[in-house]
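Residue numbers for the sequence shown follow the numbering used here, beginning at 197 and rising by one.
The C-beta atom is built at its ideal place from N, Cα and C for all residues, glycine as well.
Please read these numbers as outputs of a predicted model, since none were measured by experiment.
Here is the structure we will look at, set down as structure tokens.
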Amino acid sequence: AKVITVEPLPSLPVLKDLVVNLEPFFEKWKRIRPGLHPRDKKSKTLAIVPPTSELGKQTTAKWNCITCACCYSACGMADDRKGYLGPAAINKAMLRLMDPRDDTPGITDERLRVLNDESGVWRCHAQFNCVAACPKKINLTDSIMKMKRALLRPGKFHDKRHFIDG
197 AKVITVEPLP SLPVLKDLVV NLEPFFEKWK RIRPGLHPRD KKSKTLAIVP PTSELGKQTT
257 AKWNCITCAC CYSACGMADD RKGYLGPAAI NKAMLRLMDP RDDTPGITDE RLRVLNDESG
317 VWRCHAQFNC VAACPKKINL TDSIMKMKRA LLRPGKFHDK RHFIDG
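If you want it as structure tokens, here you go:
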């Protein structure tokens, strides 16, 4: 008989039995400004992102995050360093940085600052625990590695047109 272990998510404070406090996870999530910030908030037109475009190809598998915090609780760096953003927040920030609809002045720079500080992407040591824990099978380590490379040339996020061409 196969043994199944049921326990609270590690790295998060236990409230009772299997219930954990997700506040530490969502506090870090909020730091990357996860909401969509369009320049024209009154516009009713939708930005169409063709699946064959660069943005469509790069983001299709990464939009499925259900913010369950499994990746965060599996991450040894999130447990070790209380300030680390965690894989889900970094993945969401990457998606927003690439999204052509998200273009309010200043938001891109703010996200890049948060990602590039000591508790941002550079804390990831590519252990792949987040990938193994993700119930949606999102390759979060891939997102983090892409963000590390992109931060070496942050100007690419100020002109999002190249993400939707193609």
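Sequence-distant residues of the same chain with beta carbon closer than 7 Å to residue i, five excluded per side
i      : result
ARG307 : ILE228, ARG229, ALA289, ARG292 and LEU293
GLY316 : LEU281 and VAL310
LYS224 : LEU281, GLY282 and ALA285
HIS233 : ASP298, THR300 and ILE303
HIS272 : In the sequence as displayed, the identity of residue 272 is Gly instead of His. If we look at GLY272 and ignore the five residues flanking it on each side, its Cβ neighbours are GLN323 and ASN325.
Reduced DSSP category for residue i - H, G, I as helix; E, B as strand; rest coil
i      : result
LYS226 : helix
LYS238 : coil
LYS245 : The amino acid occupying residue 245 in the given sequence is Val; Lys does not appear at that position. Coil.
GLY362 : With a pLDDT of 41 at GLY362, under the threshold of 50, the predicted position of this residue should be treated as unreliable, and no value is reported.
VAL327 : helix
GLN198 : Per the sequence shown, residue 198 should be read as Lys rather than Gln. Looking at LYS198 - three-state DSSP - the assignment turns out to be coil, as it is neither helix nor strand.
LEU293 : helix
LEU311 : helix
LEU348 : coil
LYS333 : coil
LEU218 : coil
LEU251 : helix
Residue of the options minimising C-alpha distance to residue i
i      : options                   : result
CYS330 : GLY351, TYR268 and VAL310 : TYR268
THR201 : LEU336, LEU214 and VAL210 : LEU214
Same chain only: Cβ atoms within 6 Å of residue i, ignoring 5 sequence neighbours per side
i      : result
ASN312 : LEU347
ALA274 : SER207, TYR268, TYR280 and GLY282
GLY252 : VAL245 and PRO246
Test: residue i CB closer than 8 Å to a CB of chain B
i      : result
ILE200 : Given the protein chain composition of this structure (a single chain), no chain B is represented.
Meets three-Cβ-pair contact criterion under 8 Å: the stretch 325 to 332 and the stretch 296 to 303: Note that the stretch 325 to 332 does not touch the stretch 296 to 303; fewer than 3 beta-carbon pairs, one per stretch, sit closer than 8 Å.
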